[in-house]
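J.:
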Amino acid sequence: MRIWAQGLGVGLLAAGMVWAQEAPGPEVRQCSICHGKREFKKVQPDGSVRPLFVDERELKASVHARWHCLDCHADIKTIPHPERLEKVNCQRCHFPGNPVGAPEEVNYEGYVESVHGRLQRAGNPKAPRCQDCHGAHGVRKASDPNSLVYKRQIPATCGKCHPQVLEVYQRSVHGTTLLVRGNNDAPSCSDCHGEHQILPRKEQASEVSATQIPETCGHCHGSLEFNQKYDIPVNPVKTFKHSFHGIANELGSMRVANCASCHTAHAVLPPSDPESSVHPANIPKTCGKEGCHPGANVNYARGRFHIDPSRRDAGVVYWVALFFKYLTVSTLAALILHILLDLRSKLQKRAQGHE
Amino acid sequence: MANAPRKDQLVVRFTRVELIQHWVLLVSLLGLALTGLALFAHATPLGRWLIELEGGMEARGLWHRVFAVLLIGLTVWHLLYVLFSPRGNEQLRAMVPTRQDLRDLASLIRYYRGVQGEPPEFGRFSPLQKLQYWGAGVGSLIMIFTGFILWFHTEAMMVLPKWLFDVTAVVHGYEGLLLFIVLFVWHVYMVHLSPGHFPWSRVFLTGKITAEELWRHHRAEYRALFGDEPPLEE
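The listed protein sequences derive, respectively, from chains A and B.
Numbered according to numbering that gives the first Met the number 0, the first sequence spans residues 0 to 354.
Numbered according to numbering that gives the first Met the number 0, the second sequence spans residues 0 to 233.
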């Protein structure tokens, strides 16, 4: 509500600005006197260089091609303008019911509540705002391969601030499949973490919290068809949910292993890869993590994982389960038969006794 | 001995020690079934409800172990009782399956088929009762053995390969289900719900059986006690 009201206020202002386009003010051409020069930059007090060149072609190729500098940089009234300008506020246009036709379905609430939004409100200058992910002058639709938020561009975009995660992800099966093989079946950052509403994993509502992870991985790995397409013979989410880990996880145990506990979050690799956390040689170390099964040895790797006892490929577990199924069903059948026979004979006898 | 008893004369069937053992078994198995089968049925609303009722996953596991300790204690007590006490040992001997049991079973089938007019005359324990005793006994030992492996999995996995551990978990689940069905369906039907006992038999409370029930259900034992005359009306 608060955000909406804020949006409305800002929106009215924006609308005023839009309608007042004819009002005197610097034109794009005037901005480009300085910002159109490639070498235009500023040396910061700490010695670093901040480029101030704005490629007009970038703006023209973006979704904002029809807008002018001042539509966003609204606090510029004169040229030259003051050195410190306000950060551009996208909500000037992007609010529900805006009169300029800007897309309204922006998840501000999600962003405000997200870890990024919280840091931003707390005054952390590194916390990303809209333009840090979507681009400043070159905003493009997410479906545009040149967009910073296009699926295959997202890892690089997030990696600007999270370079270590990017490095690990790039080597994972998800990273190589998406970025090297160009297969959009593989997840980029936002497929697991969410887009605007990214929450820390310690929070239960997070897409990547211990109890949400199976659901999140299940978006892709939840169907047998998908898994078989990538040489995974079982539905790992289903078998996990029937395992002791999975049951405890579903019932809210934060202590028990979830998908990422064994497969890692970003370095996911197939078990055939010696680098993989679930490669047989690495199983003892993975299972033996502190708080899990300290002292785990090679025995942990002697057997299949993600077994479904009702499927033949579960091996000996399948046969034992099958034996018990037959035993249980035949015992049940025998005792029901006995009960029925016993009832019949006793009730017959009783009926005869009364005659 | 030859004097026929009155129909309502009471005969001791189980001693107090045996009744207490039965109670401990009943409570521990019921507790184990509720906490264990809740896990077995975790995917159903009933299972989930039971687990919530039991205080969540970890409290459920704790309760399961409490009842398990009760069952283990009882098993030790029972083994000592049937092996070393004169009365217990006598009961154990009466529980040993014999050739007569096979003949009685065949006779029972003929009786159910209507080929034979009268049911077989059972002794102190009928063949089906023996089957249930030994089934429950062996079943409990399997449950205790596999349960120990699951309980002390970290230690067990030092020597067991993972696949054997997985087999253990499967055996524990299905054997538990089997035990539950045999005891809480079949045994309860035979002792309480079948015509002649319905709605319930009080033998498990008092330990005493009437001469009439003895005549009807354990006639061979009756004959050994009172001779061939049926019990007298009043």
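All residues carry an ideal CB built from backbone N, CA and C; glycine is no exception.
The structure displayed is predicted, hence computed values, not measured ones.
(1) Please list the partners that F323(A) has in chain B, where partner means a Cβ-to-Cβ separation under 9 Å.
(2) Roughly how many whole angstroms lie between the Cα atoms of A3(B) and A210(B)?
(3) So Y299(A) contacts chain B; which residues on that side make the cut at Cβ distance below 7 Å?
(4) Can you give me the start and stop residues for the beta strand (DSSP E) that V42(A) sits inside?
(5) Less than 8 Å separating the beta-carbons of A305(B) and L25(B)?
(6) Exposed or buried, which one is G146(B) when buried takes at least 16 other CB atoms within 10 Å?
(7) Quick one: measure Cβ to Cβ for T215(A) and C191(A), integer angstroms, because I've assumed they're closer than 8 Å.
(8) For E206(A), is the classification buried or exposed, using 16 other Cβ atoms within 10 angstroms of its Cβ as the cut-off for buried?
(9) Using a Cβ cut-off of 7 Å, which residues of the region 56-80 of chain B contact any Cβ in chain A, in chain order?
(10) For I78(A), which of helix, strand or coil comes out of DSSP?
(11) By Cβ distance below 7 Å, which residues in the same chain neighbour D74(A) in space, the five residues on each side in sequence not counted?
(12) Kindly give me the distance between the Cβ atoms of L31(B) and A67(B), rounded to whole angstroms, as I take these residues to be in contact under 8 Å.
(13) Would H161(A) and L147(A) qualify as a contact pair, given that the criterion is a beta-carbon distance under 8 Å?
(14) Helix, strand or coil for T263(A), going by three-state DSSP, please let me know.
(15) In the DSSP output, what is L231(B) paired with across the bridge?
(16) Please classify T43(B): does DSSP put it in a helix, a strand, or coil?
(17) Run through chain A and tell me which residues come within less than 8 Å of Y110(B), C-beta to C-beta.
(18) Which residues of the region 175-188 of chain A have a Cβ closer than 7 Å to any Cβ of chain B? Give them in chain order.
(19) I need the boundaries of the beta strand (DSSP E) containing P50(A), first residue and last residue.
(20) Could you check the C-alpha separation between L91(B) and R215(B) for me, to the nearest Å?
(21) Report the three-state DSSP secondary structure of K345(A) (helix, strand or coil).
(22) Any Cβ of chain A within less than 8 Å of the Cβ of W22(B)?
(23) Taking C-alpha atoms, which residue in Q131(B), L182(B) and L149(B) lies nearest to H171(B)?
(24) Start and end of the alpha helix (DSSP H) containing K284(A)?
(25) Per the DSSP calculation, V10(B) is bridged to which residue(s)?
(26) Where does A22(A) fall in DSSP's three states?
(27) If we define contact as Cβ-Cβ less than 8 Å, is R349(A) a contact residue for chain B?
(28) Any C-beta of chain B sitting closer than 8 Å to the C-beta of L326(A)?
(29) Thinking C-beta only, is G302(A) closer than 8 Å to W199(B)?
(30) Using only the alpha-carbon positions, how far apart do K324(A) and A332(A) sit?
(31) Can you give me the C-alpha to C-alpha distance between T362(A) and N182(A), rounded to a whole angstrom?
(32) If you measure between the beta carbons of A40(B) and E120(B), is that distance less than 8 Å?
(33) Can you give the Cα-Cα distance for H278(B) and E249(A), rounded to whole angstroms?
(34) A37(B): beta carbon under 7 Å from a heavy atom of the ligand NAD?
(35) Select from G206(B), G195(B) and V184(B) the residue whose C-alpha is nearest the C-alpha of L336(A).
(36) Return yes when the Cβ of N106(A) is within less than 8 Å of the Cβ of H195(A), no when it is not.
T.: This is what the structure gives:
(1) Taking the first residue of the first sequence as 1, we reach residue 323(A) at position 324. For a Cβ distance threshold of 9 Å, residue set V169, V170, G172, Y173, E174, L176 and L177 of chain B lies close to F323(A), ordered along the chain.
(2) Counted from its first residue, the second sequence places residue 3(B) at position 4. Counted from its first residue, the second sequence places residue 210(B) at position 211. C-alpha separation (whole angstroms): 9 Å.
(3) Residue mapping note: residue 299(A) aligns to position 300 of the first sequence, counting from 1. Residues of chain B whose Cβ lies closer than 7 Å to the Cβ of Y299(A) are, in chain order, M156 and K161.
(4) Residue 42(A) sits at position 43 when you count from the first residue of the first sequence. Start and end: K40 to V42.
(5) The question about residue 305(B) has no answer, for chain B in this structure spans 0 to 233.
(6) On the second sequence, position 147 is the one that residue 146(B) refers to. Around the Cβ of G146(B), a 10 Å sphere holds 16 or more other Cβ atoms; the residue is buried.
(7) Indexing the first sequence from 1 puts residue 215(A) at position 216. Indexing the first sequence from 1 puts residue 191(A) at position 192. Cβ atoms of T215(A) and C191(A) come within 8 Å of each other, at about 6 Å.
(8) For this step, residue 206(A) is matched to residue 207 along the first sequence. By the beta-carbon neighbour count (other beta carbons within 10 angstroms, threshold 16), E206(A) is buried.
(9) If the cut-off is 7 Å between Cβ atoms, the region 56-80 of chain B has M56 and E57 near chain A.
(10) Counting from 1 along the first sequence, the entry for residue 78(A) is found at position 79. Of the three classes helix, strand and coil, the one that applies to I78(A) here is coil, per DSSP.
(11) Numbered from 1 along the first sequence, position 75 holds the residue referred to as residue 74(A). If we look at D74(A) and ignore the five residues flanking it on each side, its Cβ neighbours are L84 and E85.
(12) The residue you call residue 31(B) lines up with position 32 of the second sequence. The residue you call residue 67(B) lines up with position 68 of the second sequence. That belief holds up - the Cβ atoms of L31(B) and A67(B) are roughly 6 Å apart, short of 8 Å.
(13) Indexing the first sequence from 1 puts residue 161(A) at position 162. Indexing the first sequence from 1 puts residue 147(A) at position 148. No, the Cβ-Cβ distance between H161(A) and L147(A) is not below 8 Å.
(14) Looking up residue 263(A) in the first sequence gives position 264. In the structure shown, T263(A) sits in coil (DSSP, three-state: anything other than H, G, I, E or B).
(15) Within the second sequence, the letter at position 232 stands for residue 231(B). In the DSSP secondary-structure assignment, L231(B) is bridged to R5(B).
(16) Numbered from 1 along the second sequence, position 44 holds the residue referred to as residue 43(B). It is coil, neither helix nor strand.
(17) For the purposes of this step, residue 110(B) is identified with residue 111 of the second sequence, where counting begins at 1. Ordered by position in chain A, the residues that pass the 8 Å Cβ test against Y110(B) are S344.
(18) For the region 175-188 of chain A, there are no residues whose beta carbon sits under 7 Å from a beta carbon of chain B.
(19) Taking the first sequence and counting its residues from 1, one reaches residue 50(A) at position 51. Here the beta strand (DSSP E) through P50(A) covers V48 to P50.
(20) Position 92 of the second sequence, counted from the start, is the residue given in the question as residue 91(B). Position 216 of the second sequence, counted from the start, is the residue given in the question as residue 215(B). About 23 Å.
(21) Taking the first sequence and counting its residues from 1, the one referred to as residue 345(A) is at position 346. Helix at K345(A).
(22) In the second sequence, counting from the first residue as 1, residue 22(B) sits at position 23. No, no contact with chain A.
(23) Position 172 of the second sequence holds residue 171(B). Of the listed residues, the one whose Cα sits closest to H171(B) is L149(B).
(24) Counting from 1 along the first sequence, the entry for residue 284(A) is found at position 285. The continuous alpha helix (DSSP H) containing K284(A) extends over residues I282 to C286.
(25) Walking along the second sequence from the start, residue 10(B) turns up at place 11. Answer is I208(B).
(26) Translated into the one-based positions of the first sequence, residue 22(A) becomes position 23. Any answer about A22(A) is weak, because its pLDDT of 46 lies below 50 and its placement is not dependable; what the coordinates show is given next. Under the three-state reduction of DSSP output, A22(A) falls in the coil class, being neither helix nor strand.
(27) Walking along the first sequence from the start, residue 349(A) turns up at place 350. Interface residue, yes.
(28) Stepping through the first sequence from its first residue, residue 326(A) is reached at position 327. Judged by the 8 Å Cβ criterion, L326(A) is in contact with chain B.
(29) Sequence index remark: in the second sequence, residue 199(B) carries index 200 (1-based). Sequence index remark: in the first sequence, residue 302(A) carries index 303 (1-based). No. Outside cutoff.
(30) Numbered from its first residue, the first sequence carries residue 324(A) at position 325. Numbered from its first residue, the first sequence carries residue 332(A) at position 333. If I take the Cα positions, the gap works out to 12 Å.
(31) Because chain A in this structure spans residues 0 to 354, residue 362(A) falls outside the shown range and cannot be described.
(32) For the purposes of this step, residue 40(B) is taken as residue 41 along the second sequence, with counting starting at 1. For the purposes of this step, residue 120(B) is taken as residue 121 along the second sequence, with counting starting at 1. Not closer than 8 Å, so no.
(33) In the structure as shown, chain B begins at 0 and stops at 233. Residue 278(B) is therefore absent and cannot be evaluated.
(34) Ligands displayed in this structure: none; no statement on the ligand NAD is therefore possible.
(35) Looking up residue 336(A) in the first sequence gives position 337. Comparing Cα-Cα distances from L336(A) to each of G206(B), G195(B) and V184(B), the minimum goes to V184(B).
(36) On the first sequence, position 196 is the one that residue 195(A) refers to. On the first sequence, position 107 is the one that residue 106(A) refers to. A Cβ-Cβ contact shorter than 8 Å links H195(A) with N106(A).
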